[in-house]
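Structure record follows, encoded as structure tokens.
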Amino acid sequence: MDFHYTPLLQRLFTSSRDIAAAHHNEFLTPEHLLLACVQADLFKGIVPLDRLEALRAALVEILDRDLTTSPEPPEPSFLWQRLEHFAALQGLGSQVQTLDITHYLSALYSLEHSFAAQLAERYLGDKGFLLSALIDRLDTDLGTPHNAHSADTTRDEPPAAARFGSGTATEAESTDDWHRHVTCINDHLDSHNPLIGRETELERTIRVLCRLDKNNPLHVGDPGVGKTALIYGLAALIRDGRVPDRLAGARIYSLHLGTLLSGTQYRGQLEKRLLSIIDGMAEEGNAIAYIDEIHNLVGAGQTGEGSLDLANLLKPYLETGSVRFIGATTHEEYNRYFSKSGALVRRFQTIDVPEPSIEETCLILEGLRSRYEAFHDVTFAEGVIEHAVRRADRYINDRRLPDKAIDLIDEAAAYREVHPDGTQLVTRDLIDSVLATLCKVDTLRPDDDSDHTALRNLRPELLRRVFGQDRAIAEVTEAVMMSHAGLTAPDKPMSSLLFVGPTGVGKTALSLRLAEHLGSPILSADSRQIYRGMPIGTAAPTADE
């Protein structure tokens, strides 16, 4: 892609070649461009003068030390070509057609084994701060650094925000347009499921928001248990006027880190956008900021050891209470990231959001039943809701209630809508069929009294088919009965049994008969294959195994 250059950048290119010719350098290097920027007073007012003078002296010393002299016009060096390549990549990433000096300075910092990059880091400081301040200056002065060029040429140079695309318009943002970076939950209640239950967690959230100090709730719970639903439930209470006077008319704004990062390229832009949003909320008054996955703010925006992150920027607002914050995260992310910031932990009040029980989930889904029936134009048969909850709890082990149960009835209702049968009835068989598809199995065991019958007949059946192992059968039966009685963790194996004995006494036979009677598939592995050498591709049991 062919790029255009701003008038300022063209003059700096010309100045770079003049500097190279004045020092009789054979090659044009990034050091010439950096010295041209210093001589044009591009960094004046951004970097202290003593640092600029030291940088100028260091660059002149390097150029005078160059032994490759030539009276001919300088040729672009390898590092200069890499500089142009990196600057072009910056332009492609910004989706612009005109490059300016900020693109080249950003690329200069990325050059490895370059004196220019080392000197820039030493004397000009942090790249993000430098470029952010430089963009502000170019926008204010229309690209005219002090004495860099005359006013008649600046009219052709676009402002920095336009040169970098719409994303960097955050540099000129005010508190008047912060709404476009947030989502007001109060205005989107109709598109979300209503909150059912969670009275304890919701009441605690309201109580924390009404505190004088540390009035920032933090919802901690597994994914899918309903942390976001709590916020929509709070917004619904505010809409209906069922909150204390202190929260009457409050607006809840959702902040997403992805939206905050969108369009920002340098360190200062992200912080400016966040502070603009928070200041706008403070001016509006009675605003609540909701930050889902708040642990992502810890470390976001850091560029090195000891530098501030976004979480540190929130601390003054958390202390003053001008804006109340509600955070949400999981137990794992809380322990891994959030808990390491003691200052944040002290300013938030942790509210645990546990997974609801099967009975509570049934009440939640019964409350949502009419919503899904109206949307899919179907009818849920009697007892289907409870059946779906219990089946989801039993067979979907990597997710949490009520989310997995809601997904199951939604999927089953969508299936009936796509495959109408005249009655448009969602039955238990349809729930099982859809669940089998989600679990990637052919069929599921029927959920009836057959389990209890199989357990009652387990010991007699094993004694009838396995001989001489009455004691082992009794212990196996007791372990299986205990697991079905609910005395073991539901997310753990039904039972873990180790059969020990010489060859031929019935260990394998007992395992096969147990799996057969309980209707469970048998998956076998012979550990002798681990120790017996065999060619690759022939790891299969032999006839005697």
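Per my numbering, the sequence shown starts with residue 28, numbered consecutively. Quick reminder that beta carbons are idealized off the backbone N, C-alpha and C, glycines included. Bear in mind that the values here come from a model prediction, so they are computed numbers and not experimental data.
Are residue i and residue j touching if we call contact CB-CB under 8 Å?
i, j, result
"Leu-324", "Ile-315", "no"
"Ser-510", "Ser-522", "yes"
"Leu-60", "Ser-43", "yes"
"Leu-257", "Glu-226", "no"
"Leu-36", "Leu-86", "no"
"Leu-106", "Thr-56", "yes"
"Ile-433", "Leu-392", "yes"
"Gly-251", "Lys-431", "yes"
"Thr-125", "Ile-162", "no"
"Thr-388", "Val-416", "yes"
"Thr-357", "Asp-214", "no"
"Leu-337", "Ile-304", "no"
"Phe-375", "Leu-489", "no"
"Val-461", "Leu-435", "yes"
"Phe-40", "Ala-115", "no"
"Gly-224", "Pro-383", "yes"
"Thr-255", "Ala-355", "yes"
"Leu-110", "Ala-134", "yes"
"Leu-261", "Ile-279", "yes"
"Ile-378", "Arg-231", "yes"
"Ile-233", "Val-209", "no"
"Val-247", "Val-380", "yes"
"Arg-207", "Cys-237", "no"
As a quick exercise: from the options, pick the residue whose alpha carbon is nearest that of residue i.
i, options, result
"Tyr-442", "Ala-419, Arg-427 and Asp-404", "Asp-404"
"His-544", "Ala-481, Pro-487 and Thr-535", "Ala-481"
"Asp-425", "Cys-466, Ala-408 and Leu-452", "Cys-466"
"Arg-451", "Cys-64, Leu-340 and Ala-401", "With the sequence shown as reference, residue 451 is identified as Gln, and Arg is not the correct amino acid for it. Among Cys-64, Leu-340 and Ala-401, the Cα nearest to that of Gln-451 is on Ala-401."
"Pro-101", "Tyr-150, Asp-45, Gly-155 and Cys-64", "Asp-45"
"Pro-343", "Lys-241, Tyr-136, Thr-454 and Gln-117", "Lys-241"
"Asn-339", "Ser-368, Tyr-259, Tyr-364 and Leu-395", "Ser-368"
"Val-74", "Leu-151, Ala-47, Pro-381 and Arg-234", "Leu-151"
"Asp-463", "Arg-486, Ala-506 and Arg-418", "The identity of residue 463 in the sequence shown is Ala, whereas the question assumes Asp. When only C-alpha atoms are compared, the closest one is Arg-418."
"Arg-486", "Arg-498, Thr-504 and Ala-499", "Thr-504"
"Asp-437", "Thr-33, Ser-104, Ala-49 and Asn-220", "Asn-220"
"Val-65", "Ala-49, Gly-394, Leu-82 and His-51", "Leu-82"
Count the other C-beta atoms from every protein chain shown that fall within 10 angstroms of the C-beta of residue i, then say buried if there are 16 or more, exposed otherwise.
i, result
"Asn-243", "buried"
"Glu-359", "exposed"
"Ala-501", "exposed"
"Met-16", "The question about residue 16 has no answer, for the chain in this structure spans 28 to 572."
"Ile-458", "buried"
"Gln-496", "buried"
"Leu-90", "buried"
"Phe-494", "exposed"
"Gln-122", "exposed"
"His-322", "buried"
"Cys-211", "exposed"
"Leu-525", "exposed"
"Ile-265", "buried"
"Ser-193", "A caution first: Ser-193 carries a pLDDT of 37, below 50, which makes its placement in the model unreliable, though a value can still be read off. Counting Cβ neighbours within 10 Å, Ser-193 comes out exposed, since fewer than 16 surround it."
"Lys-519", "exposed"
"Ser-547", "exposed"
"Asp-204", "exposed"
"Leu-119", "exposed"
"Gly-312", "exposed"
So, with DSSP's three-state summary, where would you put residue i?
i, result
"His-50", "coil"
"Glu-320", "coil"
"His-414", "helix"
"Leu-524", "coil"
"Lys-71", "strand"
"Ser-281", "strand"
"Phe-407", "strand"
"Lys-467", "coil"
"Gln-37", "helix"
"Gly-276", "coil"
"Leu-138", "coil"
"Val-270", "coil"
"His-446", "coil"
"Glu-111", "helix"
"Phe-494", "coil"
"Gly-260", "helix"
On the DSSP bridge list, what partners appear for residue i?
i, result
"Thr-377", "Leu-245"
"Arg-351", "Ile-315"
"Thr-356", "Val-247"
"Glu-102", "Phe-54"
"Tyr-32", "Leu-126"
"Val-453", "Phe-407"
"Thr-210", "Ser-281"
Can you tell me whether residue i sits near the ligand MG, meaning its C-beta is under 7 Å from at least one heavy atom of the ligand?
i, result
"Arg-83", "With respect to the ligand MG, the structure offers nothing, as it holds no ligand at all."
Is there a Cβ of chain C sitting closer than 8 Å to that of residue i, yes or no?
i, result
"Asp-420", "Looking at the structure shown, chain C is missing, and only one protein chain is on hand."
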